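Have a look at the structure below, then the notes.
Numbering (the working numbering), first residue to last: 5 to 82.
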């Protein structure tokens, strides 16, 4: 039986490796791989690389302490 879900450990390993190897161009490189898989109709492969790209976004948010929600000291409603 094959699984449709990529192995989370493999996804994180690939995301970290791509970030180390390609730096700021990592998402672009991963996107190219995902498109190559789609052209070959390798949907499992494309899903894997899509998951890797998502983890790269998570890594960036963790490393930059980026939070998309604005928090203020003012506790009143807008």
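Here a beta-carbon is modelled for each residue, glycine too, at the ideal position from N, C-alpha and C.
This one's a predicted model, so the numbers in the text were calculated from it and none came from an experiment.
- DSSP places residue 25 in the uninterrupted alpha helix (DSSP H) bounded by 12-26.
- For residue 44, there is no enclosing alpha helix (DSSP H), since its DSSP letter is neither H nor E.
- Spanning the alpha carbons of residue 49 and residue 36 requires a straight line of approximately 12 angstroms.
- Between the beta-carbon of residue 63 and that of residue 19 there is about 6 angstroms, and that keeps the pair under the 8 angstroms contact cut.
- Annotated as distal: residue 12 and residue 34, with beta-carbon spacing of 8 angstroms or more.
- 8 angstroms or more divides the Cβ of residue 65 from the Cβ of residue 31.
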